[in-house]
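Let me begin by presenting the structure, written as structure tokens, before commenting on it.
Structural data, given as structure tokens:
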């Protein structure tokens, strides 16, 4: 459950900052894409657990590239949702 | 989540292959979407808030007798900022006023001189007329031996002398008129004296320095008693009417950018708050620091000095695109603050140009100095 809470917290933080491409965390400014990558990694972790549960890991080939592609996709989705000019 | 649990191995294999394929396709498609969004709306985090800064410098020298503002204070157009010891300039103005009165007397004296010269000329003209007539009469009598040759010669000489005296007096009258200095309707002596008086009064008025715009006093580090030299800046005035952001965009982003495009500006000082800006201008030139092979003059015999280079990865140059902030009232911008900017290259340019014109009109409001001479503050540096 804590996973979903942390995801929700991230989404709330991202939404609250509006579309500001710089995230202010304790006086330091982080670029939006960095936050999106972190969020993408967290989301991907959830996906990974689902794959484990379904026993799909042996059939995702080539696994490192599939995982990289999934992380990229999730990062892009987050960026498009929160930081793209609509 | 109600997961449909895949039962058979073949089903899992099919699903796995489908997910693999979908992941590659979605990654490529989403990355393309992101790239398209960024190239349509170029963004930069390398931007700074700027304002127009006026260096306040006195136009006359002297020691400062009073400073009427404090550092970081908001002042309004026409407010008294500081004063310079005006006594020498007041004395100069008095002197110029006296000089003007003296000039009036001089003009009168020159007019009297002209009258005298005119009288002198009339006198010598009358004398010359008589001498010429007399010489003619004597000349007629020479043949009959009623007059001596000597007397005739004397008469002729006197006629010539009297005529020359007329010429001399005409020249004297002309000189007297020139000395008066009348040119058409104006007297140049008076004009010069009046100009000198105006100049000294202007210098006297410069002893009080007024704010030329609404703005903030910045970097005031001086107290009364300090000597202020002509043209030497004492402190700065940050113009509060117009604020802009200089956003350093990569040269690859510039081809889509036009003045009038709207932009989103985010300030680090106001995190998360979207401000509206309009692209005012895209620069044409910067100094190239990237490539040393820019054919700089200054080698032997004024030939190009080209450094050998093996750079194969080059960074894009960045150009400072000027973005005017709309509705600057109500914000506390600070010059030098960090900003990030997103330009909308598909925005309405006409509307943006109207905003720029409106802001320009605010900026171009004319400043009237205490003596009534109008001066404009330029928008661009």
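Residue numbers (the working numbering), protein chains in the order written: chain A, -15 to 70; chain B, -16 to 364.
Backbone N, C-alpha and C define an ideal beta-carbon position, used for all residues, glycine too.
Being a predicted model, the structure only gives us computed values, none of them experimental.
Helix, strand or coil for residue i, going by three-state DSSP, please let me know.
| i | result |
| --- | --- |
| residue 2 of chain A | Low confidence applies here, because residue 2 of chain A scores a pLDDT of 49, under 50, leaving its location unreliable; read the following figure in that light. Residue state, collapsed to three classes: coil. |
| residue 227 of chain B | strand |
| residue 365 of chain B | Here chain B covers residues -16 to 364 and nothing more, so residue 365 of chain B does not appear. |
| residue 26 of chain B | strand |
| residue 13 of chain B | helix |
| residue 69 of chain B | coil |
| residue 48 of chain B | strand |
| residue 137 of chain B | helix |
| residue 30 of chain A | helix |
| residue 108 of chain B | helix |
| residue 61 of chain A | helix |
| residue 67 of chain A | coil |
| residue 266 of chain B | coil |
| residue 334 of chain B | helix |
| residue 130 of chain B | coil |
| residue 307 of chain B | strand |
| residue 232 of chain B | strand |
| residue 288 of chain B | strand |
| residue 145 of chain B | helix |
| residue 317 of chain B | coil |
| residue 325 of chain B | strand |
| residue 300 of chain B | coil |
| residue 49 of chain A | helix |
| residue 31 of chain B | strand |
| residue -2 of chain B | helix |
| residue 115 of chain B | helix |
| residue 58 of chain B | strand |
| residue 40 of chain A | coil |
| residue 256 of chain B | coil |
| residue 121 of chain B | helix |
| residue 346 of chain B | helix |
| residue 312 of chain B | coil |
| residue 53 of chain B | coil |
| residue 293 of chain B | coil |
| residue 212 of chain B | coil |
| residue 91 of chain B | helix |
| residue 151 of chain B | helix |
| residue 42 of chain B | coil |
Leaving out the 5 sequence neighbours to the left and right, which residues in its chain are closer than 7 Å to residue i when beta-carbon positions are compared?
| i | result |
| --- | --- |
| residue 38 of chain B | 216, 219 |
| residue 233 of chain B | 299, 301 |
| residue 133 of chain B | none |
| residue 65 of chain A | none |
| residue 62 of chain B | 193, 194 |
| residue 1 of chain A | Residue confidence for residue 1 of chain A is low, a pLDDT of 46 falling below 50, so the modelled location carries little weight and cannot support an answer. |
Quickly, what does DSSP pair residue i with across the bridge? List them, please.
| i | result |
| --- | --- |
| residue 245 of chain B | B/261 |
| residue 8 of chain A | A/13 |
| residue 36 of chain B | B/221 |
| residue 63 of chain B | B/193 |
| residue 250 of chain B | B/322 |
Identify, in the order they occur along the chain, each residue of the same chain with its Cβ nearer than 6 Å to the Cβ of residue i, setting aside the five sequence neighbours on each side.
| i | result |
| --- | --- |
| residue 49 of chain B | 66, 207 |
| residue 369 of chain B | Outside the displayed range of chain B (-16 to 364) lies residue 369 of chain B, so it cannot be described from this structure. |
| residue 78 of chain B | none |
| residue 118 of chain B | 138, 139, 142 |
Under 8 Å from any heavy atom of the ligand SAH, does the C-beta of residue i make it?
| i | result |
| --- | --- |
| residue 5 of chain B | The model depicted lacks the ligand SAH and carries no ligand whatsoever. |
Considering only residues of the same chain and omitting the five flanking positions on each side of residue i, which have a CB-CB separation below 8 Å?
| i | result |
| --- | --- |
| residue 291 of chain B | none |
| residue 260 of chain B | 227, 228, 245, 246, 247, 248, 306, 307, 308, 309, 324 |
| residue 180 of chain B | 76, 79, 80, 82, 83 |
| residue 255 of chain B | 249 |
| residue 5 of chain A | 15, 16, 67 |
| residue 104 of chain B | 149, 152, 153, 155, 156 |
| residue 110 of chain B | 145, 148 |
Runs of 4 residues minimum, wholly inside the region 154 to 210 of chain B: which ones carry the alpha helix (DSSP H) assignment?
Fully contained in the region 154 to 210 of chain B are the following alpha helix (DSSP H) runs of length 4 or more, in chain order: 171 to 188.
If you measure beta-carbon to beta-carbon, which residues of the region 22 to 55 of chain A are closer than 9 Å to chain B?
Residues 34, 35, 37, 38, 39, 40, 41, 42, 43, 44, 45, 46, 47, 49, 50, 51, 52, 53, 54, 55.
Contacting positions in the region 203 to 233 of chain B - beta carbon closer than 7 Å to chain A
Of all residues in the region 203 to 233 of chain B, none has a Cβ within less than 7 Å of some Cβ in chain A.
Return the residues of the region 311 to 336 of chain B that lie within a Cβ-Cβ distance of less than 7 Å from chain A, sorted by chain order.
Residues 323, 325, 327.
Cβ-based contacts, 7 Å cut-off: residues of the region -13 to 6 of chain B near chain A
Flagged, chain order: -11, -5, -4, -2, -1, 0, 2, 3, 6.
Against chain A: residues of the region 2 to 36 of chain B by CB proximity under 7 Å
From the region 2 to 36 of chain B, only 2, 3, 6, 7, 9, 10, 13, 14, 16, 17, 20, 24, 26, 28 have a Cβ closer than 7 Å to chain A.
Under 7 Å (Cβ pairs) to chain A, residues found in the region 32 to 64 of chain B
So nothing in the stretch comes that close.
Taking a cut of 8 Å between CB atoms, which residues from the region 232 to 249 of chain B lie near chain A?
Per Cβ criterion, the list reads 247, 249.
What residues in the region 249 to 263 of chain B have a beta carbon less than 7 Å from any beta carbon of chain A?
Flagged, chain order: 249, 251, 254, 255, 257.
Residues of the region 55 to 69 of chain A whose Cβ lies closer than 7 Å to any Cβ of chain B, in chain order:
Those residues of the region 55 to 69 of chain A that come within reach of chain B (Cβ to Cβ, closer than 7 Å) are 56, 57, 60, 61, 63, 64, 68, 69.
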